[in-house]
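Have a look at the structure below, then the notes.
Number of protein chains: 2
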Amino acid sequence: MPSYTPPLRDLQFVMHEVLKVTDEYKAMPRHAEVDVDTVNAVLEEGGKFCAEVTAPINAIGDEQGCTLDQATHEVTTPAGFKAAYAKYVEGGWPALACDPEFGGQGLPLTVNQAIMEMLNSANQAWTMYPGLTYAAYEALHAHGTPEQKKLYLPKLVSGEWTGTMCLTEPHCGTDLGMLRSKAEPQADGSYRITGNKIFISSGEHDLAPNIVHLVLARLPDAPQGSKGISLFAVPKFNVNADGSLGTRNGIWCGGLEHKMGIHGNATAQIVLEDAVGTLVGEPNKGLPAMFVMMNAARIGVGGQSIGLTEVAYQNALAYAKDRIQMRSLSGPKDKSKPADPIIVHPDVRKMLLTAKAYAEGGRALVMYSALLIDRELSHPDEKVRAEAADLVALLTPIVKAFLSDNAWTATSSCLQVFGGHGYIREWGMEQFVRDARINMIYEGTNTIQSLDLLGRKVLGNNGSTLKKFGKLIAQLVEEEGVNEKMAEFINPVAYLGDQLTKFTTEIGFKAFQNPDEAGAASVDYLRVLGHLVFGYFWARMAQVALREIEAGNTDPFYQGKLQTARFYFARLFPETAMLMRTARSGAKVLLDTDAALA
Amino acid sequence: MPSYTPPLRDLQFVMHEVLKVTDEYKAMPRHAEVDVDTVNAVLEEGGKFCAEVTAPINAIGDEQGCTLDQATHEVTTPAGFKAAYAKYVEGGWPALACDPEFGGQGLPLTVNQAIMEMLNSANQAWTMYPGLTYAAYEALHAHGTPEQKKLYLPKLVSGEWTGTMCLTEPHCGTDLGMLRSKAEPQADGSYRITGNKIFISSGEHDLAPNIVHLVLARLPDAPQGSKGISLFAVPKFNVNADGSLGTRNGIWCGGLEHKMGIHGNATAQIVLEDAVGTLVGEPNKGLPAMFVMMNAARIGVGGQSIGLTEVAYQNALAYAKDRIQMRSLSGPKDKSKPADPIIVHPDVRKMLLTAKAYAEGGRALVMYSALLIDRELSHPDEKVRAEAADLVALLTPIVKAFLSDNAWTATSSCLQVFGGHGYIREWGMEQFVRDARINMIYEGTNTIQSLDLLGRKVLGNNGSTLKKFGKLIAQLVEEEGVNEKMAEFINPVAYLGDQLTKFTTEIGFKAFQNPDEAGAASVDYLRVLGHLVFGYFWARMAQVALREIEAGNTDPFYQGKLQTARFYFARLFPETAMLMRTARSGAKVLLDTDAALA
């Protein structure tokens, strides 16, 4: 069975040494008191919970999956899931980043994100139960009526109840405009909702006595398409005015999906039959309200992806040091043994370093994105808030798609380090790969992310947000442009930045004439921009490491950082050489293919 | 459940129009009578068998897996596997390419390879039972004593019995030099073998009454390391002189592995306790004897990889035409429906064409490799035989590693076309991905393939074999260099060929000083050479298609070929731009990483 050690040192490096989050908190009145010690204490406790409570039940969850009792519509989660959730609630973890008005602890999202990464390393399937609950909390917190907030938020914040997002229907996933579920207004101001939902993560389970479903449906007079969709809160059990549970509502689990991975999470078909719900936000404005959850969920997928990358890396590293097989090509390295540990082989190191570079680069990017959200939500200066919102909107599709693609590559590389044993379930590596595969699909497929990035976030505002990110790079170049030791890290980023600026103009011009040109370039474009962002963070991490080393710090952690940064620029960053070519190859070669795809 | 249509048209295109195999057969006395009609009739019958018999039980095999009765050590295969195997034997399929002296039909390996591709599309796990049997047949045919041949070959050829390769032990997979199983010579000339084997594909099952295991073990006085390993034939049931089954031998299944995929194939732990065996080939020369099987097995993995790529492609294509979701970016394409089929989107086409280009390019490469083996085994001219052997030795690691890496990418892309449904087991796409993952590992990991290619097959003879392949490219350039319409296909190949020649010299020089430089470059090098080979075959296929079109042939098949070739050069071939950079980045950035990998 795989093991997991919370990467506290690296989380602290990113938070305190690279991003200096507590300095930023000082400018945010509601987080001004959150200091380094507080952050570290929370990380340590959270890490302990992950390593001791949820990691040990990850393989069991995969093996057992969830089961549905067709008669009662009740779902049983794998052994240990319920007890772990009770401990999670008892520890107050659901409340960590929630609003104190509803019982939350009000800590910054950066701190919450660090905890989420560790939870996902330990057990992605389990973590999706509290993960969806937090998403539902956010949507209700932003758009709920005072009554809804009073009724639901304290229970979601405490974790006593859980939440879901009910979007997808059998005939519509990406294209929510085709949604058919119907909501009939009732005399008492409530709605009766009928429809069929599929792929509802955490949709039914035995962890909590009630589930608050946030459901998209159409009002009788709603316009067609995506502008006629409203959002409703539909509890599993109707809730009495005093907060106690009332009658069973007409919303139940009609079936569970058999999936490639995340078996421990119940992916439910949800049937609504005259289910009682209340409107969240304005009529026909359900999609924007839901998108509050969606953006957080997309950052969350980034956290899932680096979580899986990190845990796969840790286990592959341990195996590579332990497994004795063949001699080093340059002569025996451990003559006392019949063969050398496989970590002596360059390609084994390449596979390990690929995972390490993707995990650590991803960690910096996700933590930075969370910090931007903290600024957006909590900074007193409106301009800072707006700028942060802009930048996080640009980075969100990169966090979701770039990191989940990388996790697929990285977990597969880590499996490969194990040779044949990587293919065997007991070693746990193949579960990481299977679990990682969903991250490229849900919360908007990675193709959708790329269209969102190129179409909406870049070309949609004539590159003005992209220029803001460009300023960060320019600032780093200015700071370190004369430092010879930084040249190996800064030059490739600066060069790619120039290339990308030109290419963005070029593709903008082509897409103006033919929108399919954007569709043909977008996936490659996202990966190029992903590497630009990664390159920037790897350069900043190298900067910190170099300064420490020059100041006489002998902690090998900093040498390790430099080595990983060098590996990243030598071995992963050059993907951009391919991507710039393929992104430029245009739409015709893809679309003029009717005979090929006959 | 996925469907499968045998790609007869494309197989025939590769065999008859590109490689013109029957012209080649004419020069081989034992195949001189095999004409186009014969080949096509066999393909058609074989395709029918795959579509009707083994494809329908592929998902069942994945769902049920194999079960071991711990008391009897007997294994039950999934429902339908035994009946399908009986039909396979009844149809005479095992004998297709076997020696007529032992009951075989003596058809060329190219024909057999086409059948194997289709069998693997239909059901890779099932196909591994006859696949391993053929490998055992080959080793015994090449190295067995007259008695062994008489006893075993007719039964393996008819398929009445099956075979295995027993190499791996718990502590040694890649590094067979560490093998511990022991063989004690007996007075009667036989051996008593004791040891533990793992990962034995088709190691135990209920398809046939007897299994002929080919087992690697050490003689008592054997030298240490890989030069002290001998090969033995160890039947499950001892065989009486008249061919009837005798006593149960001391070789049994101690456990079955739980794997990521290929569940329908029994991956057995094999325990040998005083098992009676007979020596195959010379003492201490077991590894070279086993390598007869290994090379064929590696080409076989290529066939598995294109088989999975083809079937995944077929199903993703059908889904992309059927699934209605969103509008084309350039305006509605099917106004009669609420949305367009997703095949209108450029990136969906990219995913489909990736699979198609990898399947069809791989098909050409695998069939060409099989043709080289036909030349090697059956051509009367010794020089032709030697040249073919040389070339197939060069191509084998590319077939194994390049095609299996491509299949992983391609099956995953096809899954992605299905969005969330791709992650659901019932659709069958995720099984193709899980099954494909083993191909990168077994029969020598892809890293080992790359070391074999660069170290042994390229640098090992100073690039002389590589030059032979270069001559094929030069010949194509000469033929078509003045044909403007071929320029888009030929120029990139010629350019990459020049680059690779320079790089090979460069890496040879560096590796001479430090062998780790070869290890650091080899994986990227293999993929560059893989694209060079693919580029060559795509150019040849485009050549045929262009000639047909110019001759007035209006079959859209040829336009489709050109479109796929264009896609390949625009979208997949540019990977070499990245690979040449990363391959050049050297060993230091990988090996000087002790602090990073602490």
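Sequence lines, in order, name chains A and B.
Residues -19 to 578 in our numbering are what the first sequence spells out, letter by letter.
Residues -19 to 578 in our numbering are what the second sequence spells out, letter by letter.
Cβ coordinates follow ideal geometry from the N, Cα and C atoms, glycine included.
Considering only beta carbons, the part of the region 466 to 500 of chain B lying closer than 8 Å to chain A consists of N494, P495, D496, A498, G499 and A500, in chain order. Looking at the backbone, the Cα of B/P318 and that of A/K568 are separated by about 26 Å.
Taking a contact as a CB-CB distance under 8 Å, the pair B/K336 and B/Y293 counts as one, their CB atoms being some 5 Å apart.
Residue-level contact by beta carbon holds for A/H238 and chain B, with a gap shorter than 8 Å. By the C-beta density criterion, B/F489 is exposed, having fewer than 16 other C-beta atoms within 10 angstroms.
The shortest CA-to-CA distance from B/A276 to any of B/V379, B/A35 and B/H(-4) is the one to B/V379. Out of B/G515, B/S502 and B/D42, the CA that lies nearest to the CA of B/F469 is found in B/G515.
One finds nothing in chain B with a Cβ atom closer than 8 Å to the Cβ of A/M270; even the nearest lies about 17 Å away. Rounded to whole angstroms, the Cβ separation of A/A387 and A/L288 is 5 Å, and the two are in contact under 8 Å. A/Y109 is the residue among A/Y109, A/R160 and A/S170 whose C-alpha sits nearest the C-alpha of A/T142. If you draw a straight line from the Cα of A/D(-10) to the Cα of B/A576, it comes to about 12 Å. Within chain A, the residues whose beta carbon sits less than 7 Å from that of B/M558 are P554, E555, A557 and M558, listed in sequence order. At a Cβ-Cβ threshold of 8 Å, B/S161 and B/T247 do not count as neighbours. Per DSSP, the continuous beta strand (DSSP E) segment holding A/Q249 begins and ends at T247 to V260. A/S210 carries a strand assignment under DSSP once its states are collapsed to helix, strand and coil.
For B/F61, the closest alpha carbon among the candidates B/W73, B/V69 and B/G41 is that of B/G41. Each of A/A545, A/H185 and A/Q479 was checked against the Cα of B/D572, and the nearest Cα belongs to A/A545.
Contact between the region 150 to 161 of chain B and the region 205 to 212 of chain B is present: three or more C-beta pairs spanning the two stretches fall below 8 Å. By the neighbour-count definition (other C-beta atoms within 10 Å, threshold 16), B/Y475 is an exposed residue. Residue state for A/F549 is assigned as helix, using DSSP reduced to three classes. By the rule that beta-carbons nearer than 8 Å mark a contact, A/H325 touches chain B. For A/I421, the chain B residues whose Cβ falls inside 8 Å of its Cβ are Q396, G399, G400, G402 and Y403, in order along the chain. As computed with DSSP, A/S181 is found in a beta bridge with A/T247. In the assembly as shown, B/G169 is an exposed residue. Its beta-carbon has fewer than 16 other beta-carbons within 10 Å. Within the region 152 to 175 of chain B, those residues whose Cβ lies closer than 9 Å to any Cβ of chain A are, in chain order, C152, G153, T154, D155, G157 and M158. In this structure, DSSP gives A/Y(-16) a state outside helix and strand, which the three-state scheme calls coil. The beta carbons of A/A167 and A/T144 sit no closer together than 8 Å. DSSP places B/T125 outside both helix and strand once states are collapsed to three, so it counts as coil. Within the DSSP bridge table, the entry for B/F217 names B/R228 as partners.
Here the C-alpha atom of A/P215 lies approximately 50 Å from the C-alpha atom of B/F179. Residue burial is scored here from C-beta neighbours: B/S316 has fewer than 16 other C-beta atoms within 10 angstroms and is therefore classed as exposed. For the 8 Å CB-CB criterion, A/C30 and A/S(-17) do not form a contact. Taking 8 Å as the threshold, the shortest C-beta distance from B/A550 to chain A falls below it. Residue burial is scored here from C-beta neighbours: A/F271 has fewer than 16 other C-beta atoms within 10 angstroms and is therefore classed as exposed. At a C-beta separation below 7 Å, B/E406 has these neighbours in chain A: H238. In chain order, A575 make up the part of chain B whose C-beta sits under 7 Å from the C-beta of A/Q539.
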